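Just below is one structure, and these are the notes that go with it.
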């Protein structure tokens, strides 16, 4: 094991089953965050809002211990970024919009959050899914003074998966409002029945997403009054849970000193199927799945129900 919770060698997927350090992959006894068994309940009101709007904000879903664990993990990743890290604002005159993916495969605490936190049960409840598989994790850090926005987009067109039971649990690690980049959603857009062409997050990445059969997303910001745009003021430990087809984006961070750190954990449910169609991104490791197969595999481990 490396210092600060990092794994130096390959990690065995089954290592999370023992939880808390007895299996390979956890060298130390972690702090005791709220487990899924002590989850703040997801209500029928929450489920109805998720199904109607495509997004719901859950307050205090992750306790202070979880927030502390994840904040430390984020700082480690900023100091030692992974191979998929990028600065989406590269070329801008000010600020930094840091992103990284697949941290769970090299950092124990990101792995703990992905596989054992309340997120899996939250996803199951809101998707009305009997089973939930972890898909991947993604980190977004907008530093103060970063004008670079997150463009309007849907998630599903980027991904080699299909289905309706696909969701993200976006955990706030800072106080967040419109001034430092609160995520915005067009309520109900997950029910439009339109797959928009993936939007590159930075210049020079246009060639990565060339699906000619998909239409360009509308210019939302030129006619914002036309849409039911929702956003939330959030505190650390609050989370947004949103459908993979909802249209969403975020402004830049205009503040002089308020960071905006968010961790997105992606999950798939019963109807999700592997779909490595052209124009979607490639995972760093190829899953042992045939096209059209259910998602459960070593790369996309089952997290709910608990084993």
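Residue numbers (the working numbering): 125 to 431.
For every residue, glycine included, the Cβ atom is placed at its ideal position computed from N, Cα and C.
Only a predicted model underlies this, so the values are computations on that prediction, with no experimental measurement involved.
Where does residue i sit, in a helix, a strand or coil, going by DSSP?
{"i": "residue 356", "result": "coil"}
{"i": "residue 145", "result": "In this prediction, residue 145 scores a pLDDT of 29, lower than 50, which makes its location untrustworthy; the coordinate-derived value is nonetheless stated afterwards. Here residue 145 sits in coil by DSSP."}
{"i": "residue 281", "result": "helix"}
{"i": "residue 323", "result": "coil"}
{"i": "residue 413", "result": "coil"}
{"i": "residue 208", "result": "coil"}
{"i": "residue 240", "result": "helix"}
{"i": "residue 423", "result": "coil"}
{"i": "residue 228", "result": "helix"}
{"i": "residue 190", "result": "helix"}
{"i": "residue 182", "result": "strand"}
{"i": "residue 431", "result": "coil"}
{"i": "residue 300", "result": "strand"}
{"i": "residue 78", "result": "Nothing about residue 78 can be read from this structure; the chain reaches only from 125 to 431."}
The beta strand (DSSP E) that contains residue i, what's its start and end?
{"i": "residue 295", "result": "290 to 296"}
{"i": "residue 373", "result": "372 to 374"}
{"i": "residue 390", "result": "384 to 392"}
{"i": "residue 223", "result": "221 to 225"}
{"i": "residue 426", "result": "426 to 428"}
{"i": "residue 364", "result": "363 to 367"}
By how many angstroms is the C-alpha of residue j removed from the C-alpha of residue i?
{"i": "residue 268", "j": "residue 383", "result": "5 angstroms"}
{"i": "residue 357", "j": "residue 385", "result": "14 angstroms"}
{"i": "residue 173", "j": "residue 320", "result": "23 angstroms"}
{"i": "residue 412", "j": "residue 420", "result": "10 angstroms"}
{"i": "residue 345", "j": "residue 309", "result": "12 angstroms"}
{"i": "residue 402", "j": "residue 322", "result": "12 angstroms"}
{"i": "residue 231", "j": "residue 202", "result": "13 angstroms"}
{"i": "residue 171", "j": "residue 313", "result": "16 angstroms"}
{"i": "residue 414", "j": "residue 398", "result": "7 angstroms"}
{"i": "residue 301", "j": "residue 184", "result": "16 angstroms"}
{"i": "residue 235", "j": "residue 192", "result": "15 angstroms"}
{"i": "residue 243", "j": "residue 389", "result": "8 angstroms"}
{"i": "residue 368", "j": "residue 259", "result": "12 angstroms"}
{"i": "residue 153", "j": "residue 200", "result": "Confidence at residue 153 is low in this model, with a pLDDT of 43, below 50, so the placement of that residue is unreliable and no value is reported for it."}
{"i": "residue 289", "j": "residue 261", "result": "17 angstroms"}
{"i": "residue 186", "j": "residue 227", "result": "19 angstroms"}
{"i": "residue 432", "j": "residue 295", "result": "Look at the range of the chain in this structure, 125 to 431, and you will see that residue 432 is not part of it."}
{"i": "residue 330", "j": "residue 282", "result": "Annotation note: pLDDT 48 at residue 330 (below 50); position unreliable, coordinate value reported separately. Looking at the two C-alpha atoms, the distance is approximately 12 angstroms."}
{"i": "residue 437", "j": "residue 400", "result": "For the chain, the structure presents residues 125 to 431; residue 437 sits outside this window and is missing."}
{"i": "residue 245", "j": "residue 256", "result": "8 angstroms"}
{"i": "residue 198", "j": "residue 355", "result": "24 angstroms"}
{"i": "residue 393", "j": "residue 219", "result": "37 angstroms"}
{"i": "residue 376", "j": "residue 275", "result": "10 angstroms"}
{"i": "residue 209", "j": "residue 264", "result": "10 angstroms"}
{"i": "residue 157", "j": "residue 286", "result": "33 angstroms"}
Between residue i and chain C, is there a C-beta pair that is closer than 9 angstroms?
{"i": "residue 169", "result": "Absent from the structure is chain C; it holds one protein chain and no more."}
I'd like the span of the alpha helix (DSSP H) that includes residue i, first residue to last.
{"i": "residue 310", "result": "Here residue 310 belongs to no alpha helix (DSSP H); instead the beta strand (DSSP E) covers 308 to 310."}
{"i": "residue 169", "result": "168 to 177"}
{"i": "residue 287", "result": "No alpha helix (DSSP H) holds residue 287; DSSP gives it neither H nor E."}
Which whole-angstrom value is the C-beta distance of residue i and residue j, which I expect to be below 8 angstroms?
{"i": "residue 238", "j": "residue 166", "result": "The Cβ separation is near 19 angstroms, so there is no contact."}
{"i": "residue 423", "j": "residue 297", "result": "With a Cβ gap of about 26 angstroms, residue 423 and residue 297 do not count as contacting."}
Quiz item: Which parts of the region 247 to 271 are runs of the alpha helix (DSSP H), unbroken and 4 residues or longer, counting only runs that do not cross its ends?
Solution: For the region 247 to 271, not a single whole alpha helix (DSSP H) run of length 4 or above is found.
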